[in-house]
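For reference, the structure is listed below as structure tokens.
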Amino acid sequence: MEIHITNLHNIGGTATLAMDGVVKIAKNLDFTEMGVMKRQFYEDYWNTISHHLDGTIASLYHGDIVFFQYPTWNGPDYDKVFVDKIKLYNNVRLVIFVHDLQKLMFDSEQSILHTEISILNKADVLILPSVKMHEYMINNGLRDDIQVLYQKIWEVPGFPCFKEHQNLKKMLFTGNWNRFPFLESYHGKTIVEHFDYQKPPRDDDSSFIWRNGFKPIQLMRELSKGGYGLVWCDKEYLERYYSMNQPHKLGFTLASGIPVIVRNGCVHSDFVREKGLGYVVDSLEEADNLVQNTSDEEYAKMTSNIAPYQYMLLNGVYTKKLLMDTLICVLEK
């Protein structure tokens, strides 16, 4: 019996960083990587995709276990064919590790959600971002007899540990301009530094600076210098998505060693508040005021609180436990 885990290649960005991090930990537990390519659509796509997937699962055998990192970002129809092929093997146990629901992320049409739920219903065990997302799925047709485990936080194993952080009066944000309208409307004393490869339409001013994009390790080095990692979205997006989802930038920022600012109601608001890892606020005006009035001693206390979590996030402690707990669930079923 072998344990396989899917991993996405040739796409880049947060999706690859998240999957790579999980696979890096899984390989240390003797999982075997099952590589998935981001496919370009062409005229004969659906006539050839079955053959591509046959090659992808060539190492699969009856009785194996597959950890399927969902989605593959090739579209729900592709993922459905992929999962169906896996389920053709006798006694193969399927774990689906849900990173995102495309319906929630992009506010897609309801038919997309129906396809996604039909895929997830084929799992023997699910790994989900939150209880709230599980409830949402149940309300939209997910089987209630599937065993579910919950992810704690995203990790970035293998990155360097930066320990020197300054109480800089700035909020650091990574993300696409078009998905986060607050970047255009925010005006406060605390500067928002925006990290993204695409230059935004807003010019630099006293409240906003565009810093361009950085490779992940370089970005972590920049964040670690000090300030506050901003894990933020507008209210509508919070209610539709961030209140259920695990934002990768939260784990990445804490792994950098600096405090975070999160919106009240997000998945991690209680965690951040109870552990003293930053600020939980209802508005950017509130965040601005808190940052401006945080003393060096208060900032040092927060970074001290973060230090043990930084160690765990850089060493994949939570993900390792999650994978092992899931494996036990599968084998004991």
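My numbering applies: residue 1381 is where the sequence shown begins, and numbers increase by one. For every residue, glycine included, the Cβ atom is placed at its ideal position computed from N, Cα and C.
Listed in chain order, the non-local C-beta contacts of L1610 below 8 Å within the same chain comprise M1551, L1552, F1553, V1572, V1640, I1641, A1667, local neighbours out to five positions each way being set aside. With a cut-off of 8 Å on Cβ pairs, the segment 1626-1641 is not in contact with the segment 1490-1499, counting fewer than three such pairs.
The Cβ neighbour count for I1708, taken over all protein chains shown within 10 Å, is under 16; the residue is labelled exposed.
Bridge partners of M1551 according to DSSP: V1572, Y1608. Every unbroken stretch of the alpha helix (DSSP H) spanning 4 or more residues and falling wholly within the segment 1400-1440 is given here in chain order: 1425-1436. Excluding sequence positions up to five before and after K1404, its CB lies within less than 8 Å of the CB of P1537, G1538, G1696, all in the same chain and listed in chain order. Three or more beta-carbon pairs drawn from the segment 1615-1628 and the segment 1496-1512 are found closer than 8 Å, and the two stretches are therefore classed as touching. A direct Cα-Cα distance of roughly 33 Å separates L1702 from Q1420. Judged by their CB atoms, L1500 and I1518 are not nearer to each other than the 8 Å cut-off.
Per DSSP, the beta-bridge partners of I1507 are F1477, L1529.
Judged by DSSP secondary structure, G1631 falls within the alpha helix (DSSP H) whose first and last residues are 1628-1636. Here G1645 is near L1618, since their CB atoms are less than 8 Å apart. Rounded to the nearest angstrom, the gap between the Cα atoms of N1685 and E1712 is 37 Å. Pairing T1570 with S1586, the inter-Cα distance amounts to about 8 Å. Residue pairing by DSSP places Q1598 opposite no residue, since no beta bridge is assigned to it. In this structure, the alpha-carbon of L1630 lies about 19 Å from that of Q1546.
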